[in-house]
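Numbering (the numbering used here), first residue to last: 67 to 224.
Built from N, CA and C at the ideal position, the CB exists for glycine as well.
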């Protein structure tokens with residue numbers, strides 16, 4: 067394990083401890099079918115993915131919504147949410163504060179981990195949502211591309 071990977075795992079544990087306990091209140095029972103307009107222009111969202119057991123796991127994320135209404139998230143390729151999405155593409159997405167407390171209704175979505183050739187569009191969407199701050203953050207703490215993964219979220223139709 068590289069020093070960067072060790073630091074990333076340590077940061078994940080820190081963020082898990084900081085996550086608002088109310089992030090776990092976001093569930094399928096209250097989720098709506100709709101678009102991601104409530105996420106446009108927001109800094110944070112809570113992304114809920116599902117374990118094999120069906121247990122919901124919330125993750126506060128930075129999110130960007132493109133012109134066609136799809137949303138994108140960048141994370142590490144070994145992140146739990148990536149593993150869960152590869153097993154079950156169901157997801158919920160709600161606007162939130164930095165700690166994952168939902169500030170609006172959750173929208174049902176389908177998630178997929180993007181192949182590398184689709185990364186430029188996802189990165190452009192995120193960069194346009196956050197501007198120079200994101201570019202600086204990515205340079206300082208973004209890590210190497212070989213450790214990255216992008217997730218595309220599409221509003222579910224039912």
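- Below 8 angstroms, enough C-beta pairs join the segment 99-111 and the segment 120-138 to call them touching: three or more.
- Under the rule that a run must span 4 or more residues, no alpha helix (DSSP H) segment is found entirely inside the segment 164-190.
- Taking a cut-off of 8 angstroms on C-beta distances, the segment 170-180 touches the segment 90-97, as three or more cross pairs fall below it.
- Of the candidates 187, 223, 179, the residue whose Cα lies closest to the Cα of residue 132 is 187.
- Per the coordinates, the alpha-carbon of residue 154 lies some 8 angstroms from the alpha-carbon of residue 117.
- The residues 179, in chain order, have a CB closer than 8 angstroms to that of residue 152 in the same chain once the five nearest residues on each side in sequence are set aside.
- Under a 10 Å Cβ-count criterion, residue 190 is classified as exposed, with fewer than 16 other Cβ atoms of the shown protein chains found around its own Cβ.
- Excluding the 5 residues flanking it on each side, residue 83 has no same chain C-beta neighbour closer than 7 angstroms.
- When only Cα atoms are considered, residue 183 and residue 145 end up about 20 angstroms apart.
- With a contact defined as Cβ atoms closer than 8 angstroms, residue 102 and residue 221 qualify at about 6 angstroms.
- When the five nearest sequence neighbours on each side are left out, the beta carbons in the same chain lying within less than 6 angstroms of the beta carbon of residue 215 are those of 141, 143, 148, 179, in order along the chain.
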